[in-house]
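First residue of the sequence shown? That's 50 in this note's numbering, and the numbers climb one at a time after it.
Shown next, in structure tokens, is the structure this report addresses.
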Amino acid sequence: MKVAIGNDHGGVELKQYLIKHLQETGHEPVNFGCDSPESTDYPIYAERVAKAVVAGECDRGILICGTGIGISISANKIHGVRCALCSEPVSARLSREHNDANIVAMGARTIGPVMAEAIVDVFLNTGFQAGRHQRRVDKIMALDRGESVQ
Ligand code: RB5
């Protein structure tokens with residue numbers, strides 16, 4: 050799977066660890082930066098990864114900042130994104146099964162590399178269940194288009 054990955058200065062080390070893990074597990078990571086510990090702004094990388102996923106250039110996305118909060122909020126501002134902030138694999142699985150999340154966000158200051166690896170593995174290997182969840186995802190996307198839902 051082609052996986053877009055991006056982060057701010059807080060996520061450089063975890064990103065590098067996950068790129069290696071993605072390569073070892075047969076995926077093709079595409080690195081959208083940043084690669085320096087110098088302070089930068091997470092919306093830049095959220096936009097790059099989100100646009101690559103929405104355009105279909107990458108199949109899924111991974112975003113990392115200190116907490117995962119700022120970068121997930123930013124990604125969810127891009128039309129077509131369903132970004133789930135996860136700190137354990139159960140939420141990562143359900144974000145795929147129920148929400149058809151296309152990007153996972155994590156906090157490098159809140160979880161360790163082994164947990165991040167487990168989250169990524171589940172996120173990339175779990176399908177959307179559709180069924181009743183399709184109706185709800187359709188409503189998320191209606192909200193995304195500025196429509197009202199009932
Ligand atoms: C950057 O210092 C920090 O605010 C950022 O990585 C993230 O935690 C924001 O949500």
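Just so it is clear, CB atoms sit at the ideal spot from N, CA and C, and this is done for glycine as well.
Computed from a prediction, not measured in an experiment: that's the story for all the values here.
Range covered by the beta strand (DSSP E) that runs through residue i
i, result
"G110", "109-114"
According to DSSP, residues forming a beta bridge with residue i
i, result
"K51", "E77"
"N174", "N174 pairs with nothing; no bridge assigned."
"M155", "I113"
"A133", "V153"
"N56", "I113"
Heavy atom of ligand 1 within 6 Å of residue i beta-carbon
i, result
"I118", "yes"
"D193", "no"
"D84", "no"
"C114", "yes"
"D57", "yes"
Limits of the unbroken alpha helix (DSSP H) element including residue i
i, result
"G119", "118-124"
"A95", "91-103"
"A191", "181-193"
"E146", "138-146"
Residue i burial status per 10 Å Cβ neighbour count (16 or more: buried)
i, result
"R184", "exposed"
"L192", "exposed"
"T74", "exposed"
"P86", "exposed"
"S88", "exposed"
"S197", "exposed"
"E137", "exposed"
"E62", "exposed"
"D200", "Residue 200 lies beyond the residue range present for the chain, which begins at 50 and ends at 199; the question has no answer from this structure."
"K69", "exposed"
"D187", "exposed"
"V98", "buried"
"M50", "exposed"
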